[in-house]
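**Q** Using this note's numbering, the letters of the sequence shown map in sequence onto residues 18 to 117.
The structure under discussion is supplied below as structure tokens; questions concerning it will follow.
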Amino acid sequence: MLIQAIRDVQNGGAPMSPAIARQVLQVFHQNESSKNYQLSEREKEILQLLSYGNSYKLIAAANKISIETVRRHLQNIYQKLHVQSATEAVSKAIREKLVK
Numbered sequence: 018m019l020i021q022a023i024r025d026v027q028n029g030g031a032p033m034s035p036a037i038a039r040q041v042l043q044v045f046h047q048n049e050s051s052k053n054y055q056l057s058e059r060e061k062e063i064l065q066l067l068s069y070g071n072s073y074k075l076i077a078a079a080n081k082i083s084i085e086t087v088r089r090h091l092q093n094i095y096q097k098l099h100v101q102s103a104t105e106a107v108s109k110a111i112r113e114k115l116v117k
């Protein structure tokens, strides 16, 4: 086991006990789980329409809601995705596969 650990280090690896390996895997799993941004169905729909290039006015008309309601949904989306703008939201949604 010691010889294998030395070889791993020589090859650029890092020796890791099973306990540490489990902790590392847990951290990776938690990071994957945290990508569930808990967007509501309406927020997902608005984000999808925004990703198609629709204006707030078109999104409002398609959902039979006011433009102010669209803005409110977008503010919630920005907060949940930790972004500051529609462009950032769409970019992150595409990167994270939140939209089709």
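Even for Gly, the Cβ is constructed at its ideal location relative to N, Cα and C.
Confirm, please, whether the CB-CB distance from Tyr54 to Leu91 is below 8 Å.
**A** Contact annotation: Leu91 and Tyr54 have beta-carbon atoms that are not nearer than 8 Å.
**Q** For Ile82, which three-state DSSP category applies?
**A** coil
**Q** Taking the alpha carbon of Gly70 as the point to measure from, which residue in Gly30, Ala38, Val116 has its own alpha carbon closest?
**A** Ranking Gly30, Ala38, Val116 by CA distance to the CA of Gly70 puts Val116 first.
**Q** Helix or strand or just coil, what does DSSP make of Val4?
**A** The requested residue 4 is not part of the displayed model; the chain covers only 18 to 117.
**Q** Name the two residues that bound the continuous alpha helix (DSSP H) containing Leu67.
**A** Segment 58 to 68, the alpha helix (DSSP H) holding Leu67.
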